[in-house]
Amino acid sequence: ASEAAAVLEEAVKTAGGLSSGIYYGLLRVDAAAAEPGDVLRVLRLGGNVFASVHTPAPTERAAETLWRIAAEGPRVAERFSVSIPGPVESPYLPAGASLSPSSGLSAALLYPRLLRGRSSIYVGFDDLADVAAAVEEALLETAARLGVDYLGLDLSLSPWMDESVAEVIEEYAGASIDSLGVAWTIRDIEELVEDVCSDVACIGYNQVMLPLAEDNLLKKRAVEGKLDLYKLAHLSYTCTAGVDMVPVPRSRWTPETAAALLREVAAAAAVKGKPLGIRLIAADAEAGQFIDMNKFGLVPIVRID
Numbered sequence: 093a094s095e096a097a098a099v100l101e102e103a104v105k106t107a108g109g110l111s112s113g114i115y116y117g118l119l120r121v122d123a124a125a126a127e128p129g130d131v132l133r134v135l136r137l138g139g140n141v142f143a144s145v146h147t148p149a150p151t152e153r154a155a156e157t158l159w160r161i162a163a164e165g166p167r168v169a170e171r172f173s174v175s176i177p178g179p180v181e182s183p184y185l186p187a188g189a190s191l192s193p194s195s196g197l198s199a200a201l202l203y204p205r206l207l208r209g210r211s212s213i214y215v216g217f218d219d220l221a222d223v224a225a226a227v228e229e230a231l232l233e234t235a236a237r238l239g240v241d242y243l244g245l246d247l248s249l250s251p252w253m254d255e256s257v258a259e260v261i262e263e264y265a266g267a268s269i270d271s272l273g274v275a276w277t278i279r280d281i282e283e284l285v286e287d288v289c290s291d292v293a294c295i296g297y298n299q300v301m302l303p304l305a306e307d308n309l310l311k312k313r314a315v316e317g318k319l320d321l322y323k324l325a326h327l328s329y330t331c332t333a334g335v336d337m338v339p340v341p342r343s344r345w346t347p348e349t350a351a352a353l354l355r356e357v358a359a360a361a362a363v364k365g366k367p368l369g370i371r372l373i374a375a376d377a378e379a380g381q382f383i384d385m386n387k388f389g390l391v392p393i394v395r396i397d
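Numbering of the sequence shown is given in my numbering, commencing with residue 93 and proceeding in unit increments.
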């Protein structure tokens with residue numbers, strides 16, 4: 093990890109600074125080899141540097157790294173994740189990784205609006221299949237022109253503020269996202285994503301993503317007290333790509349809590365048989381209060397228990 097951190101630092105210096113030559117930097121290391129201080133050093137290079145560690149099991153070192161970096165607060169912690177059980181080739185940062193031996197092109201789609209207000213969710217996914225095929229064709233042409241490989245699409249259903257995944261789920265479940273049985277609706281959606289992936293090349297997660305800070309309805313449900321850390325972690329057993337962009341009170345964020353959360357998500361990854369991630373933020377506020385996360389706006393702090 094120290095060597096990788098030094099290489100990235102040198103690249104930044106060579107480019108004359110992050111703003112002048114590097115659009116994004118990504119450090120990915122095995123948690124067993126990760127020194128939290130090295131990861132922090134890289135993240136402090138600038139706001140367009142991301143880092144992730146991967147671990148096949150909930151180890152003490154991985155838990156320590158999660159605890160230390162989450163405790164740095166939103167400006168740093170929003171750019172760090174722990175991946176279980178290993179790295180995933182995906183365009184989604186910070187958990188995504190480039191695992192191909194050669195340069196390649198991949199993409200993710202923002203499509204909650206495509207699924208809202210349809211006569212059935214199947215109609216929306218039929219349209220998604222058409223869109224994915226068209227995007228793939230365009231990417232194949234672009235990759236050929238650039239002389240790089242086409243890697244595939246990550247068709248995870250992910251939000252951005254009013255493009256809310258929670259709204260899609262609640263519309264088709266007919267219930268609030270915290271209700272019993274909603275996990276089945278999310279599982280249905282993930283199966284439909286898998287169906288689309290049978291017709292195009294897919295890489296990455298291809299799951300439902302519920303990053304709390306990036307979904308306005310999720311924020312509202314958290315303010316209403318309907319979502320806490322346990323509920324969000326529990327959803328990972330049958331659906332969603334892990335615990336993502338969740339702010340918790342720094343006063344309750346302890347090494348023991350970090351280790352327990354890592355065990356919970358690792359168990360979910362083993363049961364589900366798919367990769368999951370954790371991106372958590374400890375903030376100087378209490379449950380029910382808000383923190384300002386710049387481009388993510390005001391985000392509520394959720395209860396740990």
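For each residue, glycine too, the CB sits at the ideal point set by N, CA and C.
Per DSSP, which one or two residues make a beta bridge with R419? Nothing can be reported for residue 419, as the shown portion of the chain is limited to 93 through 397.
Apart from the five residues just before and just after V240, which ones in its own chain have a Cβ nearer than 6 Å to its Cβ? Counting only Cβ-Cβ distances below 6 Å, and skipping sequence neighbours, we find S195, G196 and L197.
In the DSSP assignment, find the unbroken alpha helix (DSSP H) run with I373 in it and report its ends. Secondary structure note for I373: it is in no alpha helix (DSSP H), and the uninterrupted beta strand (DSSP E) holding it is L368 to A375.
For V42, does the count of other Cβ atoms within 10 angstroms reach 16, so buried, or fall short, so exposed? Any question about residue 42 goes unanswered here, given that the chain covers just 93 to 397.
Boundaries of the alpha helix (DSSP H) in which R120 is found, first to last residue: Annotation for R120: no alpha helix (DSSP H) segment contains it, though the beta strand (DSSP E) segment containing it runs G117 to D122.
Same chain, Cβ closer than 6 Å to E283, neighbours up to 5 away in sequence not counted: Annotation for E283: no residue places its beta carbon closer than 6 Å to its own, counting only its chain and skipping 5 residues before and after.
Could you check if I276 is buried or exposed, using at least 16 other CB atoms within 10 Å of its CB as the buried criterion? With the sequence shown as reference, residue 276 is identified as Trp, and Ile is not the correct amino acid for it. Label assigned to W276: exposed.
Measure the Cβ-Cβ separation of P367 and I176 and say whether it is below 8 Å. Yes, Cβ-Cβ distance for P367 and I176 is below 8 Å.
By how many angstroms is the C-alpha of V260 removed from the C-alpha of S268? For S268 and V260, the gap between their C-alpha atoms comes out near 11 Å.
To which residues does DSSP link Y242 through a beta bridge? Its beta-bridge partners are L197.
Cβ of K318 within 8 Å of Cβ of D397? No, Cβ-Cβ distance for K318 and D397 is not below 8 Å.
Own chain partners of L232 with C-beta closer than 8 Å, once the 5 adjacent residues on each side are dropped: Excluding residues within five positions, the ones whose Cβ falls inside 8 Å are Y242.
Figure out for me which residue from I373, I393 and L249 has the closest Cα to the Cα of V174. Comparing Cα positions, the closest option is I373.
According to DSSP, S144 sits in a beta bridge with which residue or residues? R120 and S173.
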